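What follows is a short report on a single structure.
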Amino acid sequence: SICKVAGGSRSAVHKRFLSRLGVSPMRFVRTWRLQVAAMMIRQGSSVEEASIATGYASGNSLSQAFRQQTGRSPVAYRSTKA
Numbered sequence: 006s007i008c009k010v011a012g013g014s015r016s017a018v019h020k021r022f023l024s025r026l027g028v029s030p031m032r033f034v035r036t037w038r039l040q041v042a043a044m045m046i047r048q049g050s051s052v053e054e055a056s057i058a059t060g061y062a063s064g065n066s067l068s069q070a071f072r073q074q075t076g077r078s079p080v081a082y083r084s085t086k087a
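The structure is reproduced here in structure tokens:
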């Protein structure tokens with residue numbers, strides 16, 4: 006867990022993230038996972054492959070999170086970035 010790595014309590018780590026990065030630890034991890042998935046999709050990986058590599062339960066789970074973050078599906082994202 007992030008708390009073990011950071012060496013602090015949950016609330017202390019949360020406060021540190023907010024003060025230094027401006028986002029919660031959960032938002033940071035979610036954004037990072039979606040950035041990795043976007044890179045993989047842009048490089049030709051399938052949505053399913055990207056979901057497995059980034060820890061989403063399924064391609065549908067990744068697609069839903071991706072759409073919430075970017076406003077478009079991973080497939081639409083790939084076609085505009087190709």
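Be aware that the sequence shown starts at 6, since it is given in my numbering, and climbs by one per residue. Where a beta carbon is used, it is the ideal one built from N, C-alpha and C, also for glycine. As the structure is a prediction and not an experimental result, all values here were calculated from the model.
C-alpha gap between residue i and residue j, whole angstroms
i	j	result
Val-34	Val-41	11 Å
Arg-15	Cys-8	6 Å
Ala-62	Arg-83	21 Å
Val-10	Val-28	18 Å
Assumed close pair residue i, residue j - CB separation to whole angstroms, cut-off 8 Å
i	j	result
Ile-46	Ala-58	Not a contact, Cβ separation roughly 11 Å.
Pro-30	Val-52	Incorrect: roughly 26 Å between the Cβ atoms, too far for contact.
For residue i, three-class secondary structure by DSSP
i	result
Arg-77	coil
Gly-64	helix
Val-28	coil
Gln-120	Because residue 120 is not part of the residues shown, which for the chain are 6 to 87, the question remains open.
Contact under 8 Å by Cβ, residue i with residue j
i	j	result
His-23	Gln-74	The residue asked about is misnamed: residue 23 is Leu in this sequence, not His. Taking 8 Å as the Cβ cut-off, Leu-23 and Gln-74 do not qualify as a contacting pair.
Host alpha helix (DSSP H) of residue i (start-end)
i	result
Ser-56	52–58
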